[in-house]
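To start, the structure under review is shown below, and the notes come after it.
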Amino acid sequence: MFTKKEDKTWRHLQHLQDKFAKIRLRDLFAGDPLRAEKYSLQLENMHVDYSKNLINDEIMRHLFALARERGLEDKIKAMFDGKKINQTENRAVLHIALRHRQKTPIYVDGRDVMPQINTVLEKIRDFSEAVRLGRFTGYTGKKLTDIVNIGIGGSDLGPFMACEALKPYWAKDIHCHFISNIDGTACAEVLNKLNPETTLFIVASKTFTTIETLTNAKTCRHWLTEALGEHAVAKHFVALSTNKAEVEKFGINAENMFEFWDFVGGRYSMWSAIGLIIAIAIGYKNFERLLEGANAMDEHFANTPLEQNIPVVLALIGIWYNNFYNIHRYAVIPYDQYLQYLPAYLQQLDMESNGKSVTLDNKFVNYATGPVLFGGAGTNVQHSFFQLLHQGTEIVPIDFIIPAISHNEIGNHHQILLSNILAQGEALMHGKTEEEAALELEKAGKSKTEIARLKKYKSFSGNRPSTTIIFKKIDPYALGQLVAMYEHKVFTQGIIWNINSFDQFGVELGKQLALNILPEIEGTAFGVEHDSSTAALINYIKKIRK
Ligand code: F6P
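Count the sequence shown with this note's numbering and you get residues 109 to 654, in order.
Written out as structure tokens, the structure is:
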């Protein structure tokens, strides 16, 4: 699977892990006052401290060697050059073109894709401004104040996360809503609050064939036409898609469609027309800042030596844990209420991209690929799953993210938040030995028996890794940098694992089987063959729904 050279580097890294397992981070910090400085990187207002990871120079050197042997530099170039690196679908992968701010061409099949991207950006600008200024109104002439994005997966998670992350930039008289789940509750709970006359629906679907989105869109269309009639659709529905024929079949005119292209993967699409709701919410200028931030990260990724390349360094540290420590999970913990949906967004980005078992050479892998990602907003999660992170038997590497300045500097809230994020990283890394715990108990006046009984419970193994990412403030530019950083991290890991990070065949089997089961639940098909569990569950559901 690997070349001889790669295999040698891989085996050497295994040997380094054996050696390093005995070394403790707290000792490394004690022995090297410059460790934090040495293992930190900066890009404009973004600071990344990766010194609390289980690494040293020798390990990093071998990880960089592995990346070079796997051809990472050439593969980055291939992506930026529009080569068809999504080989199972024979597509280029050009989310970077969506935020390409330089006036240079990017070719796919000999054709510059930038003019079409810029035309759609202009359309997004004109339309978002018209809605915000009340120039594009609803059917009865009222200002559109409630924007509903109907989409799922990449057509929902990115815009939803970004709108929430950038709430301080929202126009005061515009409210954004998201309908994603096929569960009727998702539609009902949004529509219940809205007035058809002032509601704009954005139907976001790359393929325009996704059953959840089309079912939700039909329900919303019905809700609108019941109130305002069929003619109102043109003033209340727009579509974001690559599939013009299906958009028109649904009854949305081509002029109300914002196009994107098959070189944009669903989970990489918030920079495309899929970002329309972001532009309406925060204004086109701010949307451009989001693109500019991502573009700055793209430039950094494409042009910085691997050793100083933020996405590459983070990716290789992830590889180190995943493949050499056998730690197949990691957590992303933003200490910023507005970033609370970032982990959910990253779950699709990472797990749909790298949850693969077949290599680009058409062979099953014999090593671990994409890890399980989870997370939530700090400090909330400190009071839920952090117990396990500190004292459980699972080691979970963490990305901590925080802005130095909050959008809501109320009293000392943000100072408390800042002190918590730093304390968590320190506690996880440093831990507390039994002796230290005993000493503390003694100082608190506990008896010898009590100390002996409690000191193990009160101790922390420490040596638990984390990376801390600090922004000056979470503005559109910073969010662009952050999201693009994770995109390129995922890309880099896909290269090391020799898998295609840009297809998602794994979601298909469940969709197929659901289509078989639907007529049975609806009572129009009988006797379809299933395993006894599925068959019994279908019968049970039908019985209690009667
Ligand atoms: O089910 C997976 C998936 O194909 C994602 O990759 C995609 O983001 C989502 O469904 C939605 O697809 P579409 O934008 O075509 O509706």
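Just so you know, even glycine gets a beta-carbon here, dropped at the ideal spot from N, CA and C.
Check your understanding: Pick from F599, A512 and L530: whose alpha carbon is nearest that of S574?
Key -> L530
Check your understanding: Excluding sequence positions up to five away, which residues of its chain have a Cβ less than 6 Å from the Cβ of R207?
Key -> W379, L399, A402 and N403
Point to revise | Classification of V636 by the beta-carbon crowding that lies within 10 angstroms, buried from 16 upward | key: exposed
Review point. Does the region 438-446 come close enough to the region 266-284 that 3 or more CB-CB pairs lie under 8 Å?
Key: yes
Point to revise | Given P511 as reference, the closest of T501, P505, N528 and L497 once Cα atoms are compared | key: N528
Review point. How would you call R572, buried or exposed, if buried means at least 16 neighbouring beta carbons within 10 angstroms?
Key: buried
Check your understanding: Who are the Cβ neighbours of N161 in its own chain at under 6 Å, not counting the five residues just before and after it?
Key -> I425 and P573
Review point. Any heavy atom of the ligand F6P within a distance shorter than 7 Å of the CB on T315?
Key: yes
Check your understanding: Can you tell which of C295, V239 and T293 has the C-alpha that lies nearest to the C-alpha of Y392?
Key -> V239
Review point. What separation, rounded to the nearest whole angstrom, lies between the Cα atoms of V298 and T253?
Key: 14 Å
Check your understanding: Would you call the region 159-177 and the region 333-348 touching, i.e. three or more CB-CB distances under 8 Å?
Key -> no
Point to revise | Endpoints, alpha helix (DSSP H) assigned at V591 | key: P584 to W605
Check your understanding: Are the Cβ atoms of S461 and V598 separated by less than 8 Å?
Key -> yes
Check your understanding: What three-state label does DSSP hand V440 in the structure shown?
Key -> strand
Check your understanding: Does the ligand F6P have a heavy atom nearer than 7 Å to the CB of Q612?
Key -> yes
Review point. Which residues in the same chain as Y429 place their Cβ atom closer than 6 Å to its Cβ, once the five residues preceding and following it in sequence are excluded?
Key: I435 and P505
Exercise for review: Excluding the 5 residues preceding and the 5 following P419 in the sequence, name in chain order all residues of the same chain whose CB lies nearer than 7 Å to its CB.
Suggested key: F409, M593, H596, K597 and T600
**Study point:** I319 CB to nearest heavy atom of the ligand F6P below 7 Å
**Key:** no
Exercise for review: My understanding is that I310 touches L229, with C-beta atoms under 8 Å, so please give their C-beta distance in whole angstroms.
Suggested key: No, I310 and L229 are not in contact; Cβ-Cβ is about 16 Å, not under 8 Å.
Practice item. Go ahead and pull the three-state DSSP assignment for A173. Key: helix
Review point. Going by the C-beta, is Y247 closer than 7 Å to any heavy atom of the ligand ADP?
Key: Looking at this structure, you won't find the ligand ADP anywhere; what it does contain is the ligand F6P.
Check your understanding: Between E628, V346, T501 and L525, which lies nearest to G570 when the distance is taken from Cα to Cα?
Key -> T501
**Study point:** Reference K540, options L617, H170, D115 and R134, closest by Cα
**Key:** R134
Check your understanding: If you drop the 5 nearest sequence neighbours on each side, which residues of the same chain put their C-beta closer than 8 Å to that of I386?
Key -> P267, A270, C271, L274, M378, F395 and L398
Check your understanding: To the nearest angstrom, how far is it from the Cα of K563 to the Cα of K551?
Key -> 13 Å
Check your understanding: Ends of the alpha helix (DSSP H) at L481?
Key -> Unbroken run through L481 is the beta strand (DSSP E), V480 to G483; no alpha helix (DSSP H).
Check your understanding: If you pair each beta-carbon of the region 616-631 with each one of the region 201-216, do three or more pairs fall below 8 Å?
Key -> no
Check your understanding: Tell me the DSSP bridge mates of R219?
Key -> V216
Check your understanding: Below 8 Å between beta carbons: does that hold for T315 and N351?
Key -> yes
Review point. Tell me which same chain residues have a C-beta within less than 8 Å of the C-beta of Q499, skipping the five on either side of it?
Key: F568 and S569
Review point. Sorry if obvious, but does the Cβ on G656 come closer than 7 Å to a heavy atom of the ligand F6P?
Key: Because the chain spans 109 through 654 in this model, residue 656 falls outside it and cannot be assessed.
Check your understanding: Counting Cβ pairs closer than 8 Å, one from the region 630-646 and one from the region 479-490, do we hit at least three?
Key -> no
Point to revise | Beta-carbon proximity of T642 to D157, cut-off 8 Å | key: no
Practice item. Check whether the Cβ atoms of T306 and G259 sit closer than 8 Å, and answer yes or no. Key: no
Review point. Where are the beta strand (DSSP E) runs, 3 residues long or more, that stay fully inside the region 197-272, in chain order?
Key: 254-258
Exercise for review: Just list the alpha helix (DSSP H) runs in the region 400-442, keeping only unbroken ones of 4 residues or longer that don't cross its boundaries, in chain order.
Suggested key: 418-427
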